[in-house]
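**Student:** In the numbering used here, the protein residues as written are 5 to 420.
Ideal placement from N, C-alpha and C gives every residue a C-beta, glycine not left out.
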Amino acid sequence: MLRKKKTVLVISFALGALLIATTAFADITNKSGYDQLKESIKDTVEMCSTQLDSFTFESSMVFKDNGKVLSSENSVSKYDRINKVTESISSNQRLDGRSYSSYSYSDKTTYIRKYSDSEEYYETRYIEEKDPIYIDNPFAEDEFKDVERVIDALVGSLRDHVHIEELADGSKEIYGSLNEAQIPALINALTSLQMKQELSYRDNQDFRLTQDIYVKGVGGSAQVNPDGLLESILGTVTISGKDDKGNTHELTLDILFRVYDVNNTEISKPDLTGKKVVKEEGISREKPSSEILTNPDKYIGSYKNDIIIEKNGRFEKIGERKLEITKLDNSQVAGKYTEEYKDDYQEYAANKLEFSFVGNFAEGNYHSATLEITDNSGGTQQGNIYIDEYRAKIDLYLDRVRRSLEYDPTFTPDLD
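This is the structure we're talking about:
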């Protein structure tokens, strides 16, 4: 989920997830319906990978607690295979109420991007031409056949909960739902375990579920055009449970994927006239300078960001996250992380994070490293660090965070 990685196409993975999410609505008894759903997903990925001249892919996710929106994400990616151009716009609202957005544009010789936390555009111009569009098809891999067999086995008892309607123009509508009485006990048990594990890292979140957790309902619908292209798919999952105080919460996740403007998507290069632009020119794609850290020693030192809560309808700083980079070159990075809280907010310090980390940069990607993290009690986990040369910032991502506050991964140099 690094910003550089966000420019890479996610459609194949998203549509792959759709197979898992929507198989629950497929009627195992009616093999034609089940097969049609799977074939539509596979055919759509194949069309996007190799056949369509252009298309737009949109994904949207909204997370709610008792009807109140807690977080949301939306991304729109455009692909023009004829002119070899791609464009992406994404935005999200995080659980702490803050929002973030990004933009990117790529053609055969240019890569432009902008982030909401900066007024600057970053423009890279390459020496050689190259098609910026690469779409992976996971269904073409032999490993996916094993995944498909597991899915088939898991949904074997879910029957007669799908409706497939073939329309006069040859298109199809697939829709279905499951209520709490129809959810298998195994699914409820796994969901309860997963929710407790995931939300345990958010100690003071109002929606932390600790008891009576179950899947209350699942629903979904999909539209397939006459050519077999899956134009849209909408899924909703509602999980009910209680927090430590006995309050009931209904957590709802709505997910929407759309493919539209097929062979009719147009992309215009952004006009940067009058904009603040950081330029990088004469770069070779064989070994672009953006893959090599220039003067890595300058990143050794202290970084920080604010720990913020919402209080009385306003944001208030209660402390700081501290990141210390003790070693960084083009092979390895090491450092430590701590948190400091103001005297009036020491109750948050009970679960403060402190750990050290070390990681190795992969060959050909000298900005991103997978980390091995060790906390003060000897516990271990993994994470990822991204060195952003353009913004002079470091992004630190953690697989698991025991926290009472939403974690902010972006750190700026502490130059005081």
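1. Just the Cα atoms here: how many angstroms apart are Asp248 and Leu197?
2. Return the Cβ separation of Thr384 and Ile377 in integer angstroms, given the expectation that the two are a contact with Cβ distance under 8 Å.
3. Figure out for me which residue from Gln97, Ala144, Ser110 has the closest Cα to the Cα of Tyr130.
4. Go through its chain and collect everything with a Cβ distance to Tyr218's Cβ below 8 Å, but skip five positions before and after it.
5. Using the C-alpha atoms, what's the distance from Thr54 back to Tyr83?
6. For Ala144, I'd like the list of residues in its chain whose CB is within less than 7 Å of its CB, leaving aside the five on either flank, ordered along the chain.
7. Using a 10 Å radius around the Cβ and a threshold of 16 neighbouring Cβ atoms, would you call Lys46 buried or exposed?
8. List the residues that DSSP assigns as beta-bridge partners of Leu257.
9. Measure the C-alpha to C-alpha separation of Glu133 and Lys88 and round it to an integer number of angstroms.
10. Identify whether Lys129 lies in helix, strand or coil by the three-state DSSP scheme.
11. Which value, in whole angstroms, describes the spacing of the CA atoms of Asn70 and Thr414?
12. Would DSSP call Leu375 helix, strand or coil?
13. Are the CB atoms of Leu99 and Ser76 within a distance shorter than 8 Å?
14. When you compare only the Cα positions, how much space is there between Thr214 and Lys220?
15. If we ignore side chains and look at the alpha-carbon of each, how far apart do Glu343 and Lys331 end up?
16. Give me the DSSP bridge partner(s) of Gln336.
17. Could you tell me which residues DSSP puts in a beta bridge with Pro136?
18. For Lys273 and Leu260, what's the separation of their Cα atoms in angstroms?
19. Compute the distance between the beta-carbons of Thr128 and Tyr115, then report whether it is under 8 Å.
20. Please state if the CB of Tyr341 and the CB of Ile398 are separated by a distance shorter than 8 Å.
21. Can the beta-carbon of Gly339 be found closer than 8 Å to that of Pro417?
22. Closest to Glu351 by C-alpha separation, out of Gly323, Asp333, Phe365, would be which residue?
23. Taking all protein chains shown into account, do 16 or more other C-beta atoms lie within 10 angstroms of the C-beta of Arg117, making it buried, or fewer, making it exposed?
24. Going by Cα to Cα distance, which pick from Thr48, Ser44, Thr240, Asp265 is closest to Leu255?
25. Grab me the residues of Ser64's own chain with a C-beta within less than 6 Å of its C-beta, minus the 5 sequence neighbours each way, in chain order.
26. How many angstroms separate the CA atom of Asp216 from the CA atom of Glu169?
27. Leaving out the 5 sequence neighbours to the left and right, which residues in its chain are closer than 8 Å to Ser381 when beta-carbon positions are compared?
28. Kindly list the residues whose CB is nearer than 6 Å to the CB of Leu257, restricted to its own chain and excluding five residues on each side of it in sequence; keep chain order.
29. Locate the beta strand (DSSP E) running through Leu213, then write down its first and last residues.
30. Run through DSSP, which three-state label would Lys326 get?
31. Let me know if Glu91 comes out buried or exposed under the rule of 16 or more other beta-carbons within 10 Å of its beta-carbon.
32. Measure from the alpha carbon of Tyr303 to the alpha carbon of each residue in Ile389, Val228, Phe359, then state which is nearest.
33. Quick test of your reading: Ser426 and Leu234, contact by CB under 8 Å. State the CB separation rounded to the nearest angstrom.
34. What three-state label does DSSP hand Arg98 in the structure shown?
**Tutor:** Looking at the atomic coordinates:
1. 16 Å
2. Cβ atoms of Thr384 and Ile377 come within 8 Å of each other, at about 6 Å.
3. Of the candidates Gln97, Ala144, Ser110, the one whose C-alpha sits nearest the C-alpha of Tyr130 is Ser110.
4. Glu184, Ile187, Asn192, Thr195, Ser196, Ile243, Ser244, Gly245
5. 12 Å
6. none
7. buried
8. Phe67, Val241
9. 10 Å
10. The residue asked about is misnamed: residue 129 is Arg in this sequence, not Lys. In the structure shown, Arg129 adopts extended strand secondary structure according to DSSP, grouped into three states.
11. Using only the alpha carbons, I get a separation of about 30 Å.
12. strand
13. no
14. 16 Å
15. 20 Å
16. Gln336 pairs with Asn364.
17. In the DSSP output, where bridge partners are listed per residue, Pro136 has none listed.
18. Between Lys273 and Leu260, the C-alpha separation is close to 27 Å.
19. For Thr128 and Tyr115, yes; Cβs fall inside 8 Å.
20. No, the pair does not count as a contact, with Cβ atoms beyond the cut-off.
21. no
22. Gly323
23. The residue in question, Arg117, is buried, as its Cβ has 16 or more Cβ neighbours within 10 Å.
24. Thr240
25. Asn78, Leu260
26. 37 Å
27. Close CB contacts of Ser381 within its chain, under the 8 Å cut and outside five residues either way in sequence, are absent.
28. Excluding residues within five positions, the ones whose Cβ falls inside 6 Å are Phe67, Val241.
29. Counting along the chain, Leu213 falls outside any beta strand (DSSP E), and DSSP gives it neither H nor E.
30. strand
31. buried
32. Ile389
33. In the structure as shown, the chain starts at 5 and stops at 420, and residue 426 therefore has no counterpart that could be examined.
34. coil
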